[in-house]
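Asker: First residue of the sequence shown? That's 198 in the working numbering, and the numbers climb one at a time after it.
So that we are looking at the same thing, I have put the structure below in structure tokens.
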Amino acid sequence: MAEPAPPPPPGAHAHRRRRGVELTLLAGAVLVCVLGYLYVAVADGGHLPRPTPRYAGGLAAAALLAHLAVRLRAPYADPLVLPIAFLLNGLGLVLIQRLDLTTPGHPTAGEQLRWSALGLALFVLVVAALRDHRALQRYAYLSVAVALALMLVPVFFPAVNGAHIWIRFAGFSFQPGEFAKILLAVFFAAYLAANRTALALGGRRLFWKLKLLPGRVLGPILAIWLLSVGVLVLERDLGTSLLFFGLFVIMLFTATGRIGWIAIGLLLAALGAYAVGTFEPHVHSRVEDWLNPFASIERGEGPGQLAQSLFAFGAGGLLGSGLGHGQSFLIGFAAKSDFILATAGEELGLVGLSAILLLYGLLVARGFRAGLGLRDPFGRLLATGLASIVALQVFVITGGVTGLIPLTGMAMPFLAQGGSSVVTNWIIVALLVRLSDCARRPRPDGTDGPDGTEPTGPPDPPADPADPAKTTGAAR
């Protein structure tokens, strides 16, 4: 009698690639975006627009292309990351198209669609070309050098709305700081992976649990703080400064597990923000608008942008006024960028706005989940950093337009108008797809990553703790 077949290895049930789930979710995302486009058109003119089949076909083709890239080059990637990003991008196009109806002389939906197509093309390129995320660790110092250059160049160009964050040349404009945040995340991950032991355990105790770290470890931390303050002073960009420093503090806490770094980071951020907010007129005016959003009404000048945003959220109520039936154009020039959440809040209501924020929460959570499934410290920190970039942007922008914190001028990921932003965020999604593929890939013993029994990923070679640029992984 033949012997019974051996039982499957532990975690074998978790080897499903789930590409069918991803394709189904992408089809649903395309359907939602097309229906939103049709609803806006009908609400405006009462008839279906002619380019509807072409628009629907283009969205479906783009979704299929991205899906095929993931299916062929990252088959074990998280099935939720790509559909969530695609849906957010599509909803952003719908909202921008709706706002174009109130500003027919300045249409921007077509331009945003082209930038989205470029971002999706770069997504496919990164997923196809980057086979091992640890290859990025070899370019740690090159990454930070390029990031610094990208942040310094806009200082020499004219300010736009009071901030030096744009490069405008020959009719073309972009924000280099958007690309710098990815490069800084790579450097932070490499530096912290190589020095996490010294940051967590090293140093001379001063009192209680406070330790004075060695200069070679403490120096980069202070340099990054000064860099954040420098960006705030030179570029007058509060949002980018908060993002860079907040990103480093979160990754520092992830690497060391010491809650004290959070307290120190908050203290340094408060000191820098107070000093610059007191002496820098542009930042000071934003703080004043935040503290007194209705001051312009009291002076008889009418409501300012923040006041109009608060009125829009209040007018939206629970279910909203419906797409195409709001008054968000009263906000002014930034209705499609900084304040696009006000349009969502007014026309989709609290329910619709909560659904959008839930999508962002799911995207961030899947990024953190990928980090938990990776064995190498660099990959774990990089996934945490990339997810934190999205989380920080959502918090800073949502807090700004709702009056929780001062306005920063950042763009809501995927949702707001901004070519540099949408391209950068598609690159972030591509890196998260690659990292989640490594985290979920089955090991030779049959176990899986976060859906199985143990984290996956190849073991790390011994690391040189003195130089993150020369390592391909850090010892556990």
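Beta carbons are placed, not taken as given, at the ideal position from N, Cα and C, and that holds for glycine.
If you measure between the beta carbons of Ile169 and Leu556, is that distance less than 7 Å?
Answerer: Coverage of the chain is limited to positions 198 through 673, which leaves residue 169 absent and any answer about it impossible.
Asker: Do Ser618 and Ala608 have their beta-carbon atoms positioned less than 7 Å apart in this structure?
Answerer: Taking a C-beta distance under 7 Å as the contact criterion, Ala608 and Ser618 qualify as a contact pair.
Asker: Could you tell me if Asp329 is buried or exposed, where buried requires 16 or more neighbouring beta carbons within 10 angstroms of its beta carbon?
Answerer: exposed
Asker: When the Cα atoms are used, what is the spatial distance from Arg215 to Leu279?
Answerer: The straight-line gap from Cα to Cα measures roughly 12 Å.
Asker: In chain order, what residues of the same chain lie with their CB nearer than 6 Å to the CB of Pro236, ignoring the 5 residues before and after it?
Answerer: Pro is not the amino acid found at residue 236; the sequence shown has Tyr there. Leu520.
Asker: Which class does Phe476 belong to by DSSP, given the choice of helix, strand or coil?
Answerer: helix
Asker: Would a C-beta distance cut-off of 7 Å place Val548 and Leu516 closer than the cut-off?
Answerer: yes
Asker: Taking buried to mean at least 16 other C-beta atoms within 10 Å of its own C-beta, is Thr221 buried or exposed?
Answerer: So Thr221 counts as exposed.
Asker: Just reading off the alpha helix (DSSP H) that Ser617 is part of, what are its end residues?
Answerer: 616-637
Asker: Determine the direct distance from the alpha carbon of Leu465 to that of Leu424, and round the result to whole angstroms.
Answerer: 12 Å
Asker: Note down the Cα distance separating Thr669 from Leu488, rounded to an integer number of angstroms.
Answerer: Note that Thr669 scores a pLDDT of 40, beneath 50, so its modelled location is shaky and nothing firm can be said.
Asker: Start and end of the beta strand (DSSP E) containing Phe366?
Answerer: 364-366
Asker: What does a CB cutoff of less than 6 Å around Val591 pick up in its chain, not counting 5 residues either side in sequence?
Answerer: Tyr557
Asker: CA-CA distance, Thr394 and Tyr388?
Answerer: 11 Å
Asker: Go to Phe283, then tell me how far its alpha helix (DSSP H) extends in each direction, as first and last residue.
Answerer: That run of the alpha helix (DSSP H) goes 278-297.
Asker: Which residues in the same chain have their Cβ closer than 6 Å to the Cβ of Ile447, if we skip the five residues on either side of it in sequence?
Answerer: Ser585
Asker: Can you tell me whether Val227 is buried or exposed? The criterion is at least 16 other CB atoms within 10 Å of its CB, across all chains shown.
Answerer: buried
Asker: On the DSSP bridge assignment, give the partners of Phe611 in chain order.
Answerer: DSSP, once it has assigned bridges, lists no residue as partnering Phe611.
Asker: Who does Ser370 pair with in a DSSP beta bridge?
Answerer: Arg365
Asker: Buried or exposed for Gly217, going by 16 or more other Cβ atoms inside 10 Å?
Answerer: exposed
Asker: Between the alpha carbons of Ala562 and Asp434, how many angstroms are there, rounded?
Answerer: 28 Å
Asker: Rounded to the nearest angstrom, what separates Trp458 and Arg483 at their Cα positions?
Answerer: 28 Å
Asker: Would you mind stating whether Ser551 and Ala539 have Cβ atoms separated by less than 7 Å?
Answerer: Contact flag unset, no.
Asker: Taking Cβ positions, are Ala386 and Phe575 nearer each other than 7 Å?
Answerer: yes
Asker: Thinking just about the alpha-carbon of each residue, which of Ala382, Gly374, Leu439 is nearest to the one in Val593?
Answerer: Leu439
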